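Just so you know, we're using UniProt numbering here: the sequence shown kicks off at 1 and counts up by one.
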Amino acid sequence: MAQAIQFLISSSPSPNRHFSKLSSSKPSFYTSHRRIPLTVIRKPISAVSSDLESQSSRVLISDNGKGGVFPGTSPVQTTATSDSSSIEVDAVSEAELKENGFRSTRRTKLVCTIGPATCGFEKLEALAVGGMNVARINMCHGTREWHRSVIEQVRRLNEEKGYAVAIMMDTEGSEIHMGDLGGAMSAKAEWYNYDKDAFRSFFRVMQLMLISNLFFLQDGEVWTFSVRAFDSPRPERTINVNYDGFAEDVKVGDELLVDGGMVRFEVIEKIGPDVKCRCTDPGLLLPRANLTFWRDGSLVRERNAMLPTISSKDWLDIDFGISEGVDFIAISFVKSAEVINHLKSYVAARCRDSDIAVIAKIESIDSLKNLEEIIRASDGAMVARGDLGAQIPLEQVPSAQQKIVQLCRQLNKPVIVASQLLESMIEYPTPTRAEVADVSEAVRQRADALMLSGESAMGQFPDKALAVLRSVSLRIERWWREEKRHEAMELSGIASSFSDSISEEICNSAAKMGKHLSTLETSAAELDNNSTSTLPFSYKCKQNLLCGLWGCDFAANNLEVDALFVYTKTGYMASLLSRCRPDCPIFAFTATTSVRRRLNLQWGLIPFRLGFSDDMESNLHRTFSLLKARGMIKSGDLVIAVSDMLQSIQVMNVP
1 MAQAIQFLIS SSPSPNRHFS KLSSSKPSFY TSHRRIPLTV IRKPISAVSS DLESQSSRVL
61 ISDNGKGGVF PGTSPVQTTA TSDSSSIEVD AVSEAELKEN GFRSTRRTKL VCTIGPATCG
121 FEKLEALAVG GMNVARINMC HGTREWHRSV IEQVRRLNEE KGYAVAIMMD TEGSEIHMGD
181 LGGAMSAKAE WYNYDKDAFR SFFRVMQLML ISNLFFLQDG EVWTFSVRAF DSPRPERTIN
241 VNYDGFAEDV KVGDELLVDG GMVRFEVIEK IGPDVKCRCT DPGLLLPRAN LTFWRDGSLV
301 RERNAMLPTI SSKDWLDIDF GISEGVDFIA ISFVKSAEVI NHLKSYVAAR CRDSDIAVIA
361 KIESIDSLKN LEEIIRASDG AMVARGDLGA QIPLEQVPSA QQKIVQLCRQ LNKPVIVASQ
421 LLESMIEYPT PTRAEVADVS EAVRQRADAL MLSGESAMGQ FPDKALAVLR SVSLRIERWW
481 REEKRHEAME LSGIASSFSD SISEEICNSA AKMGKHLSTL ETSAAELDNN STSTLPFSYK
541 CKQNLLCGLW GCDFAANNLE VDALFVYTKT GYMASLLSRC RPDCPIFAFT ATTSVRRRLN
601 LQWGLIPFRL GFSDDMESNL HRTFSLLKAR GMIKSGDLVI AVSDMLQSIQ VMNVP
């Protein structure tokens with residue numbers, strides 16, 4: 001059974017009623033109270049299916065080890081049989097669907113930072129099995145050769161095991177950073193003697209010391225922050241700083257925050273290029289951590305505010321990411337939209353055959369001042385709460401996070417909540433209850449993704465930390481559905497009655513299909529001939545599309561629709577559906593591997609790689625056949641299907 005609602009654009013203005021609330025500078029929208037005429041389709045669904053089975057269809061054969069494509073070669077189009085391997089879906093997503101059913105599948109995506117604790121193939125596979133959707137590599141640490149080996153391991157994992165893990169490269173940024181730690185080997189020995197009870201065993205201490213040069217500072221210790229040349233003589237307990245104006249900007253009495261405030265110092269003396277500081281809040285001191293300094297309770301913004309957002313090292317890292325074919329590039333300490341636009345133009349010029357998404361990291365005062373323009377220019381945003389909390393008062397971080405998440409959803413951009421979600425699990429196998437509450441709040445805010453940093457990069461329990469994120473996300477999402485807390489997106493500039501009329505049409509169709517009534521479909525020819533008198537709406541294409549997808553979301557949340565199917569070449573329509581946050585999963589079908597991986601970052605999307613044509617009817621029935629063969633759907637399931645190639649929405653039961 002199928003019912004289609006065609007979205008058509010009238011060639012001439014409609015004489016119907018005009019919404020006076022709309023500005024005259026915007027396109028005019030019209031509506032009518034007459035309903036779409038529906039005509040019964042005489043051809044039974046079985047006849048359509050048999051017609052399709054008699055034709056050979058062309059689909060993309062798997063390049064993940066299930067088809068005949070060798071690693072490193074491009075996928076090719078091949079005549080497909082009814083074998084279910086002709087459609088690709090992430091192995092974990094498929095398992096979750098079979099285990100939990102449509103409506104209980106996890107919607108929130110999970111990002112894991114890869115470090116010494118998780119860079120091996122077996123460790124990466126364990127993270128993928130645990131639900132990792134995106135692997136993040138942090139260019140602040142490690143060599144490019146090391147990161148290249150991680151990328152190769154992730155690609156191998158996708159090819160051999162059937163995953164679709166995307167890769168995000170995170171740049172260092174040009175804010176003030178510490179260099180490598182040196183000249184203080186005695187402090188490393190003191191660290192274990194002082195803090196041996198803070199860790200579970202001597203072996204854990206040795207593990208942390210091996211994977212990074214880190215020191216545990218005691219209260220009152222004096223360290224020197226210097227801008228001397230790296231190869232010049234330096235006193236013991238000296239930390240190099242990458243910003244030449246550091247010694248000129250700071251003053252005696254300033255408070256110096258390391259790594260977002262994890263360690264704090266007070267400036268006690270300035271001697272030429274050296275700044276002596278006393279530790280006031282002890283903790284672990286990690287190499288290459290970022291530095292901020294406060295004076296009289298306010299962030300100091302001197303000449304360092306003029307530093308470029310993208311440093312010379314960042315440009316080399318970006319070239320590296322482009323050559324390695326990463327899926328996302330995250331830019332640190334973004335100050336304006338101009339930086340994002342410049343980078344996107346650069347990436348487009350350097351890799352014409354691929355499409356790398358640019359993620360803006362919101363972690364500075366400058367980012368917050370220009371928040372909307374930055375998000376509009378970017379392909380997504382990351383709430384980097386650690387560094388952000390070093391530049392604004394701590395009590396403002398929760399409201400800033402909520403504002404960023406809401407704005408990203410409003411502007412249809414994926415958003416990642418990051419930093420210190422489960423910080424205690426670097427050392428312990430169980431999170432604090434406060435951390436669990438923090439994770440649940442991010443899920444309630446409907447963030448697209450949650451990210452682990454040190455927990456997965458250098459923690460002792462990366463698998464358990466990921467399992468906590470996954471279980472908390474599933475539980476909060478289920479609670480959200482049980483409590484009927486769905487919040488529909490507002491469509492700015494469109495009258496509520498206008499979008500409601502479209503939702504009513506889709507809901508009526510879904511209700512009829514749910515009751516297994518006769519198959520109904522709108523005749524496109526009839527609508528073309530009577531566009532001004534029989535259509536309940538006639539308006540510009542973008543608003544047309546938004547209203548239709550809003551109606552799909554409304555129907556999905558009120559009529560127990562099992563799934564939304566979207567056929568998309570670029571991923572745009574799938575992202576619009578994700579923005580609505582429907583109560584059922586969104587099956588996104590695309591013919592491009594890179595688009596499929598990028599969709600893995602967006603809320604509620606289950607991306608498939610499948611070759612398809614402009615014939616919506618053919619696409620649907622072939623998709624049904626392949627998914628039924630894999631046990632992912634069954635006859636009678638109610639689905640709503642949309643396509644970015646044809647302006648249509650179809651409501652149907654799986655035959």
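Glycine included, C-beta positions come from ideal geometry on N, C-alpha and C.
Please read all numbers here as calculations on a predicted model, not as lab measurements.
Handout entry: 9 angstroms Cβ cutoff met for A384 and I392
Key = Within the sequence shown, numbered from 1, the residue matching residue 384 stands at position 384. Within the sequence shown, numbered from 1, the residue matching residue 392 stands at position 392. Not in contact: A384 and I392 (Cβ atoms no closer than 9 angstroms).
Practice task
Report yes if the CB atom of G173 is closer than 9 angstroms to the CB atom of I331, and no otherwise.
Solution key: Looking up residue 173 in the sequence shown gives position 173. Looking up residue 331 in the sequence shown gives position 331. The Cβ atoms of G173 and I331 lie closer than 9 angstroms to each other.
Practice task
Identify whether L638 lies in helix, strand or coil by the three-state DSSP scheme.
Solution key: Stepping through the sequence shown from its first residue, residue 638 is reached at position 638. Judged by DSSP in its simplified three-state form, L638 adopts strand.
Exercise for the section: Check whether the Cβ atoms of V258 and L291 lie closer than 9 angstroms to each other. Expected result: Translated into the one-based positions of the sequence shown, residue 258 becomes position 258. Translated into the one-based positions of the sequence shown, residue 291 becomes position 291. The answer is yes: Cβ separation under 9 angstroms.
Problem - D317, DSSP secondary structure in three states - result: On the sequence shown, residue 317 is found 317 positions in, with the first residue counted as 1. It is helical.
Exercise for the section: Can you tell me the Cβ-Cβ gap for I649 and I640, rounded? I've got them flagged as a contact below 8 angstroms. Expected result: Against the sequence shown, residue 649 aligns to sequence position 649. Against the sequence shown, residue 640 aligns to sequence position 640. With a contact defined as Cβ atoms closer than 8 angstroms, I649 and I640 qualify at about 6 angstroms.
Problem - Of the listed residues S643, G636 and R596, nearest to E617 (C-alpha basis) - result: Position 617 of the sequence shown, counted from the start, is the residue given in the question as residue 617. Taking E617 as reference, the option from S643, G636 and R596 with the minimal CA-CA separation is S643.
Handout entry: Minimum C-alpha distance to V334 - residue among W315, L316 and N370
Key = On the sequence shown, residue 334 is found 334 positions in, with the first residue counted as 1. Comparing Cα positions, the closest option is N370.
Exercise for the section: Compare the Cα-Cα distances from R288 to each of L421, E175 and H147 and report the closest residue. Expected result: Within the sequence shown, residue 288 is the residue found at index 288, counting from 1. The option with the nearest alpha carbon to R288 is E175.
Problem - Distance CB(L564)-CB(L577) smaller than 9 angstroms - result: On the sequence shown, residue 564 is found 564 positions in, with the first residue counted as 1. On the sequence shown, residue 577 is found 577 positions in, with the first residue counted as 1. Yes.
Handout entry: Paired residues, beta bridge with G609 - DSSP
Key = As a first step, residue 609 must be located in the sequence shown, where it is residue number 609. In the sequence as presented, Gly is not what sits at residue 609; that position holds Arg. Within the DSSP bridge table, the entry for R609 names E88 and T590 as partners.
Problem - Same chain, Cβ closer than 7 angstroms to I268, neighbours up to 5 away in sequence not counted - result: Taking the sequence shown and counting its residues from 1, the one referred to as residue 268 is at position 268. Contacts found: V252, K276, C277 and R278.
Practice task
Please say whether M451 and L421 have beta carbons closer to each other than 9 angstroms?
Solution key: One-based indexing of the sequence shown puts residue 421 at position 421. One-based indexing of the sequence shown puts residue 451 at position 451. With contacts defined as CB atoms closer than 9 angstroms, L421 and M451 qualify as a contacting pair.
Handout entry: Closest residue to W603 among D448, A128, A555 and G260 (Cα-Cα distance)
Key = Sequence index remark: in the sequence shown, residue 603 carries index 603 (1-based). Taking W603 as reference, the option from D448, A128, A555 and G260 with the minimal CA-CA separation is D448.
Exercise for the section: Determine the closest residue to R144 out of D274, I239 and D314, with distance taken between C-alpha atoms. Expected result: Along the sequence shown, read from residue 1 onward, the residue named residue 144 stands at position 144. Out of D274, I239 and D314, the CA that lies nearest to the CA of R144 is found in D314.
Problem - Touching by the beta-carbon criterion (3+ pairs, under 8 angstroms), the stretch 108-116 and the stretch 450-466 - result: Between the stretch 108-116 and the stretch 450-466, the count of C-beta pairs closer than 8 angstroms reaches three or more; the two stretches touch.
Exercise for the section: Quick one: using the 10 Å Cβ neighbour count with 16 as the cut-off for buried, is L627 buried or exposed? Expected result: By one-based count along the sequence shown, residue 627 stands at place 627. It counts as buried.
Handout entry: Beta-carbon proximity list for V397, same chain, < 7 angstroms, skipping 5 on both sides
Key = In the sequence shown, the residue the question calls residue 397 occupies position 397. Correct list, in chain order: R385, L388 and G389.
Practice task
Look at the alpha carbon of G631 and the alpha carbon of A349, and state the distance between them as a whole number of angstroms.
Solution key: Taking the sequence shown and counting its residues from 1, the one referred to as residue 631 is at position 631. Taking the sequence shown and counting its residues from 1, the one referred to as residue 349 is at position 349. Answer to the nearest angstrom: the Cα atoms are 43 angstroms apart.
Practice task
Kindly indicate which three-state DSSP category R204 falls into: helix, strand or coil?
Solution key: Position 204 of the sequence shown, counted from the first residue, corresponds to residue 204. For R204, the predicted model reports a pLDDT of 48, less than 50, meaning its position is unreliable; a value from the coordinates is still stated below. For R204, the secondary structure class from DSSP, reduced to helix, strand or coil, is helix.
Handout entry: Cβ-based burial, R475 [other Cβ within 10 Å; buried from 16]
Key = Numbered from its first residue, the sequence shown carries residue 475 at position 475. The Cβ neighbour count for R475, taken over all protein chains shown within 10 Å, is under 16; the residue is labelled exposed.
Problem - Nearest residue (CA-CA) to E248, options F265, V300 and P233 - result: Position 248 of the sequence shown, counted from the start, is the residue given in the question as residue 248. Scanning F265, V300 and P233 for the CA closest to the CA of E248 turns up V300.
Handout entry: Nearest candidate by alpha-carbon position, reference E373, set Q410, C351 and D90
Key = The residue given as residue 373 occupies position 373 in the sequence shown. That would be Q410, whose Cα lies nearest to the Cα of E373.
Problem - Which residues DSSP lists as bridging T224, in chain order - result: Counted from its first residue, the sequence shown places residue 224 at position 224. In the DSSP assignment, T224 forms a beta bridge with T238 and K276.
Exercise for the section: Throw me the rounded Cβ distance for the F225 and V241 pair, which I believe falls under 8 angstroms. Expected result: Locating residue 225 in the sequence shown gives position 225, counting from the first residue. Locating residue 241 in the sequence shown gives position 241, counting from the first residue. Correct: roughly 5 angstroms between the Cβ atoms.
Problem - Local conformation of V468 per DSSP, three classes - result: Against the sequence shown, residue 468 aligns to sequence position 468. Look at V468 here: in three-state DSSP terms it is helix.
Exercise for the section: Return the CA-CA distance between S456 and R136, expressed in angstroms with no decimal places. Expected result: Position 456 of the sequence shown, counted from the start, is the residue given in the question as residue 456. Position 136 of the sequence shown, counted from the start, is the residue given in the question as residue 136. Using only the alpha carbons, I get a separation of about 10 angstroms.
Problem - Burial state of E236 (16 or more Cβ within 10 Å) - result: Here the question's residue 236 lines up with position 236 in the sequence shown. The residue in question, E236, is exposed, as its Cβ has fewer than 16 Cβ neighbours within 10 Å.
Practice task
Decide if L610 is buried, meaning its Cβ has at least 16 other Cβ atoms within 10 Å, or exposed.
Solution key: Counting from 1 along the sequence shown, the entry for residue 610 is found at position 610. By the neighbour-count rule (16 or more Cβ atoms within 10 Å), L610 is buried.
Exercise for the section: Would you check whether the ligand NAP has a heavy atom nearer than 8 angstroms to the C-beta of L627? Expected result: Because no ligand of any kind appears in the structure shown, any question about the ligand NAP cannot be addressed here.
Handout entry: Those residues which DSSP pairs with H141 across a bridge
Key = Indexing the sequence shown from 1 puts residue 141 at position 141. Answer by DSSP bridge pairing: none, since H141 is not bridged.
Practice task
Would you kindly work out how many angstroms separate the C-alpha atoms of G220 and V129, rounded to a whole number?
Solution key: As a position in the sequence shown, residue 220 is number 220, starting the count at 1. As a position in the sequence shown, residue 129 is number 129, starting the count at 1. Rounded to whole angstroms, the gap between the alpha carbons of G220 and V129 is 45 angstroms.
Exercise for the section: Tell me whether the beta-carbon of F608 lies closer than 9 angstroms to the beta-carbon of R596. Expected result: For the purposes of this step, residue 608 is identified with residue 608 of the sequence shown, where counting begins at 1. For the purposes of this step, residue 596 is identified with residue 596 of the sequence shown, where counting begins at 1. Closer than 9 angstroms, so yes.
Practice task
Confirm, please, whether the CB-CB distance from R598 to A126 is below 9 angstroms.
Solution key: Your numbering for residue 126 matches position 126 in the sequence shown. Your numbering for residue 598 matches position 598 in the sequence shown. No, these two residues do not count as a Cβ contact at 9 angstroms.
Problem - Distance, S354 Cα to D90 Cα - result: Counted from its first residue, the sequence shown places residue 90 at position 90. Counted from its first residue, the sequence shown places residue 354 at position 354. Cα-Cα distance, rounded: 21 angstroms.
Handout entry: Status (buried if at least 16 other CB within 10 Å, exposed otherwise) for E482
Key = The count along the sequence shown starts at 1 and reaches residue 482 at position 482. Counting C-beta atoms within 10 angstroms of its own C-beta, E482 has fewer than 16 neighbours from the protein chains shown and is therefore classed as exposed.
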